[in-house]
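A.B. asks: So for the sequence shown, this note's numbering puts the first residue at 243; every next one is plus one.
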Amino acid sequence: MQGVKLTDQEVAELMIQYESEIRKLRFLIDQKKQAIAELKAIETVSVPVARPAAATSTKAATTKPKGRRGRPAKKKKTETAQNGQVAESKSAEVQAETSPAKKKRVGRPRKATATASTKTKAKATAKPKPKAKPATKSSSKTTTKSDSTGGYRLSDWDTMILDGLASRQKVMISADLLELGKKKVANENLGLDEKQIQGKINRSLQKLANKRGVLSKTDYPGKGHAYGLAEWADPSGEIRKKYQH
243 MQGVKLTDQE VAELMIQYES EIRKLRFLID QKKQAIAELK AIETVSVPVA RPAAATSTKA
303 ATTKPKGRRG RPAKKKKTET AQNGQVAESK SAEVQAETSP AKKKRVGRPR KATATASTKT
363 KAKATAKPKP KAKPATKSSS KTTTKSDSTG GYRLSDWDTM ILDGLASRQK VMISADLLEL
423 GKKKVANENL GLDEKQIQGK INRSLQKLAN KRGVLSKTDY PGKGHAYGLA EWADPSGEIR
483 KKYQH
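1. Please say whether Gly433 and Leu419 have beta carbons closer to each other than 9 angstroms?
2. Give, in chain order, every unbroken run of the alpha helix (DSSP H) that is at least 4 residues long and sits entirely within the region 399 to 443.
3. Name the one or two DSSP bridge partners that Tyr260 has.
4. Look up Lys247 in the DSSP assignment and say whether it is helix, strand or coil.
5. Count the other C-beta atoms from every protein chain shown that fall within 10 angstroms of the C-beta of Gly466, then say buried if there are 16 or more, exposed otherwise.
6. Tell me whether Leu396 sits in a helix, a strand or coil according to DSSP, three-state version.
7. Assuming Ala472 contacts Val413 (C-beta within less than 8 angstroms), just tell me the rounded distance between them.
8. Going by C-alpha to C-alpha distance, which of Pro477, Arg265, Leu270, Asp400 sits closest to Gln532?
9. Classify Ser446 as helix, strand or coil using the three-state DSSP reduction.
10. Based on DSSP bridge pairs, tell me the residues matched to Leu267.
11. Name the one or two DSSP bridge partners that Thr238 has.
Written as structure tokens, this is what we have:
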């Protein structure tokens, strides 16, 4: 690397990289040395212990059948006695295990009846929950609104005009309705300009006043027309004084 020109930062980065690689290699060397030492320790411990055990086992296997031939009968007797004791102990254990199980079976039906009674009590307490009244209220509201509009579905702009008149309790001119439409667009982020808002309002006014007869339209001096609810007008078609602008 003598012919290569490196900056100070590059030299420092290379030194850090090489030092980290050296540390990794040292760590691997230490691990391998430790593994070799552990293997050597296992080899020195296991080899001398296994050889005499094998030798003694072979000697015992060769020496047992040579001499005393009468011992196997005694072993059978002792084995049968031991087997009888083991069988008795097993039967005693089986009886000890089965006896508490029988006692548990006696107590289970009572718990089931107790839980059944608690369930019936919970059902009896949960029954009296009347929830039909709010539904009747909402249905009555919808019927009154549909009756006032002749049973036709209203658009969002139709409901805006009707709700605005109902809350204000005064007739509204075009400027008032335009301000109401601007508030709706701002609150709902509809992204409509003034011309589009006026077009929506004009279509709703034409539908509600001319086709549906829900609104009453009267001349307003200097402002065109004023709009109010149909029930605000007297038999001659004029808006009553308390609803005038």
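Glycine residues also receive a C-beta, built at the ideal position from the N, C-alpha and C atoms.
Predicted model only: the values in this text are computed from it and were never measured.
C.D. replies: If we stick to the structure as given:
1. Judged by their CB atoms, Leu419 and Gly433 are not nearer to each other than the 9 angstroms cut-off.
2. Qualifying alpha helix (DSSP H) stretches, in chain order: 416 to 430.
3. DSSP, once it has assigned bridges, lists no residue as partnering Tyr260.
4. It is coil, neither helix nor strand.
5. Gly466 is exposed by the Cβ-count criterion.
6. Judged by DSSP in its simplified three-state form, Leu396 adopts coil rather than helix or strand.
7. Your pair Ala472 and Val413 does not check out as a contact, with CB atoms roughly 12 angstroms apart and the cut at 8 angstroms.
8. This structure does not reach residue 532, given that the chain is present from 243 up to 487, and the question cannot be answered.
9. In the structure shown, Ser446 adopts helical secondary structure according to DSSP, grouped into three states.
10. Answer by DSSP bridge pairing: none, since Leu267 is not bridged.
11. Within the shown structure, residues of the chain are numbered from 243 to 487, placing residue 238 beyond reach of any answer.
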